[in-house]
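In the working numbering, the protein residues as written are 19 to 501.
Where is the CB? At the ideal position from N, CA and C, for every residue including glycine.
Please read these numbers as outputs of a predicted model, since none were measured by experiment.
Note sheet for the following structure.
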Ligand code: ADP
Ligand code: GLC
């Protein structure tokens, strides 16, 4: 099948979170299954700099009221063809893909991602300037949420479209006057179209008009049909329930493999787990943590946002350290949380180590060097770090939500005996529940044999994209030919 995969980020070119990992790995897995996938991505400054002269102009795009743009062709390092939407006035600037250096959203995000959606819709429409016509348009999150809306108002033949929701908390909400500025009729400003509490929501538009909708885990697909995780769209999502399903993300097992990872000092597998201690020593050294043989190191790699529930950790940090555990933290985002962790590290040198910023290589060392991993997310559509952790023999302590439920087998007497337990889930979203669970972890950690079983069960889990990609293909097949 021919699939157009429209996204606002993809590894290794531009990444703010898991969407970039998925946009790199899923098209790659689909390609390996024999499908013809092209990734559509905005031409941010960093992307154009990476392209250099390894590119050709495929089409000139004149799509008023948007500024004129161009479609460039290139190839991703994994061999997947890339379509770059070049529009210097909208994308050619320094800063993040959605935000300026000062962490404020770009004021013209409505136009930037309006154009991305418009071009995605065009390339999957009979009026496309390209000879290559996809059988399916696969959109991702609010940044491409308007593409199904353009299809709905455009008339003419187009490929069926699928919208994947990676995170319902981000909806692309703009003032109503956005509609004419992105070339859409006022008639869409209705509660059963794109209107959302007096504004326009790009994600709502996509959910309303997409042929099919997926989320990145089965549990999250259920959770968003109710309060509070529906973020105001639960009614609409429940109404679309028969077109809504969940496919758990995979991970790139080539990049995330402790047996071959070039970013960690000691490589290991399930049969020589002692070598993991060398990585722990390197992690401790990098963060100035004391070498305390009996004390487990808890790892965190995360965006610092409300979603990730890290305030549960800061709320009980003193008790956590008394268990005792050490903390190895990598993350950035919310200045209040950064401050709280920095303060904690200053008060407990040798016990709490913090690195702020986005540091891909260091994230590998945390996964490999930590004894266990903390993911107290309030909600987690899929989550990737819990899969990386299990693969690295680093059992996860997680809040029982979304993709964390679908990818971690909680330890209890039965799962321990059966050898299937891979981690620890807590149900109440409170510091006490987190603390109680980490106490349980510390007890289990002292039981070497039990601990090894949990590590090995996690390492044996298959989180590769192959299975997930097959599910997407099944879904694409069921959609193709509908129009
Ligand atoms: P989300 O997309 O909600 O942030 P995921 O678990 O799906 O959550 O994906 C997060 C991705 O971003 C993972 O690959 C994780 O390793 C990475 N990541 C998050 N914060 C950092 C950081 N500070 N440095 C390096 N990688 C990070
Ligand atoms: C979002 C979610 C995360 C998911 C990722 C990729 O950022 O927060 O849970 O893994 O998208 O689908």
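Along the chain, where does the beta strand (DSSP E) that runs through residue i open and close?
{"i": "residue 497", "result": "Not the beta strand (DSSP E): residue 497 falls in the alpha helix (DSSP H), residues 483 to 497."}
{"i": "residue 154", "result": "154 to 158"}
{"i": "residue 5", "result": "Here the chain comprises residues numbered 19 to 501, so residue 5 is not present and cannot be evaluated."}
By DSSP, does residue i sit in helix, in strand, or in coil?
{"i": "residue 501", "result": "Its pLDDT being 45, under 50, residue 501 is placed unreliably in this model, and the value from its coordinates should be taken loosely. If DSSP states are grouped into helix, strand and coil, residue 501 belongs with coil."}
{"i": "residue 294", "result": "helix"}
{"i": "residue 25", "result": "coil"}
{"i": "residue 505", "result": "There is simply no residue 505 to check, as the chain begins at 19 and stops at 501 in what is shown."}
{"i": "residue 320", "result": "strand"}
{"i": "residue 9", "result": "The structure shown does not extend to residue 9, since the chain spans only 19 to 501, so no value can be given for it."}
{"i": "residue 461", "result": "helix"}
{"i": "residue 118", "result": "coil"}
{"i": "residue 441", "result": "strand"}
{"i": "residue 313", "result": "coil"}
{"i": "residue 448", "result": "coil"}
{"i": "residue 180", "result": "strand"}
{"i": "residue 123", "result": "strand"}
Tell me which residue opens and which closes the alpha helix (DSSP H) that residue i is part of.
{"i": "residue 132", "result": "127 to 141"}
{"i": "residue 330", "result": "328 to 333"}
{"i": "residue 170", "result": "165 to 172"}
Does the Cβ-Cβ distance between residue i and residue j come in under 8 Å?
{"i": "residue 395", "j": "residue 374", "result": "no"}
{"i": "residue 493", "j": "residue 79", "result": "no"}
{"i": "residue 76", "j": "residue 90", "result": "yes"}
{"i": "residue 393", "j": "residue 422", "result": "yes"}
{"i": "residue 412", "j": "residue 385", "result": "yes"}
{"i": "residue 42", "j": "residue 235", "result": "no"}
{"i": "residue 156", "j": "residue 24", "result": "yes"}
{"i": "residue 314", "j": "residue 297", "result": "no"}
{"i": "residue 161", "j": "residue 131", "result": "yes"}
{"i": "residue 63", "j": "residue 112", "result": "yes"}
{"i": "residue 371", "j": "residue 335", "result": "no"}
{"i": "residue 248", "j": "residue 242", "result": "yes"}
{"i": "residue 399", "j": "residue 119", "result": "no"}
{"i": "residue 167", "j": "residue 196", "result": "no"}
{"i": "residue 308", "j": "residue 387", "result": "no"}
{"i": "residue 139", "j": "residue 172", "result": "yes"}
{"i": "residue 404", "j": "residue 381", "result": "no"}
{"i": "residue 343", "j": "residue 415", "result": "no"}
{"i": "residue 21", "j": "residue 152", "result": "yes"}
{"i": "residue 187", "j": "residue 325", "result": "yes"}
{"i": "residue 487", "j": "residue 38", "result": "no"}
{"i": "residue 199", "j": "residue 134", "result": "no"}
{"i": "residue 321", "j": "residue 114", "result": "no"}
{"i": "residue 264", "j": "residue 232", "result": "yes"}
{"i": "residue 359", "j": "residue 332", "result": "yes"}
{"i": "residue 176", "j": "residue 144", "result": "yes"}
{"i": "residue 389", "j": "residue 463", "result": "yes"}
{"i": "residue 95", "j": "residue 30", "result": "yes"}
{"i": "residue 475", "j": "residue 440", "result": "yes"}
{"i": "residue 223", "j": "residue 209", "result": "no"}
{"i": "residue 537", "j": "residue 481", "result": "The question about residue 537 has no answer here: the residues shown for the chain are numbered 19 through 501."}
{"i": "residue 406", "j": "residue 44", "result": "no"}
{"i": "residue 337", "j": "residue 453", "result": "yes"}
{"i": "residue 239", "j": "residue 262", "result": "yes"}
{"i": "residue 100", "j": "residue 57", "result": "yes"}
When we look at the beta-carbon of residue i and count the other beta-carbons within 10 Å, is it buried (16 or more) or exposed?
{"i": "residue 8", "result": "The structure shown does not extend to residue 8, since the chain is modelled only from 19 through 501, so no value can be given for it."}
{"i": "residue 274", "result": "buried"}
{"i": "residue 417", "result": "buried"}
{"i": "residue 159", "result": "buried"}
{"i": "residue 267", "result": "buried"}
{"i": "residue 74", "result": "exposed"}
{"i": "residue 478", "result": "exposed"}
{"i": "residue 505", "result": "Here the chain covers residues 19 to 501 and nothing more, so residue 505 does not appear."}
{"i": "residue 98", "result": "buried"}
{"i": "residue 102", "result": "buried"}
{"i": "residue 215", "result": "exposed"}
{"i": "residue 260", "result": "exposed"}
Does the beta carbon of residue i fall short of 7 Å from some heavy atom of the ligand NAP?
{"i": "residue 331", "result": "With respect to the ligand NAP, the structure shown offers nothing to examine, as its ligands consist of the ligand ADP and the ligand GLC."}
Length at least 3, wholly inside the segment 340 to 422: the beta strand (DSSP E) runs in chain order: Secondary structure remark: continuous beta strand (DSSP E) runs of at least 3 residues inside the segment 340 to 422, in chain order: 344 to 351, 370 to 374, 390 to 393, 414 to 417.
Every unbroken beta strand (DSSP E) within the segment 184 to 271, with a cutoff of 3 residues, ordered by chain: Counting only runs of 3 or more, we get 217 to 219, 230 to 233, 262 to 264.
Residue ranges of each beta strand (DSSP E) within the segment 32 to 111, 3 or longer: For the segment 32 to 111, the full-length beta strand (DSSP E) segments reaching 3 residues or more read 54 to 60, 74 to 79, 87 to 93, 99 to 104 along the chain.
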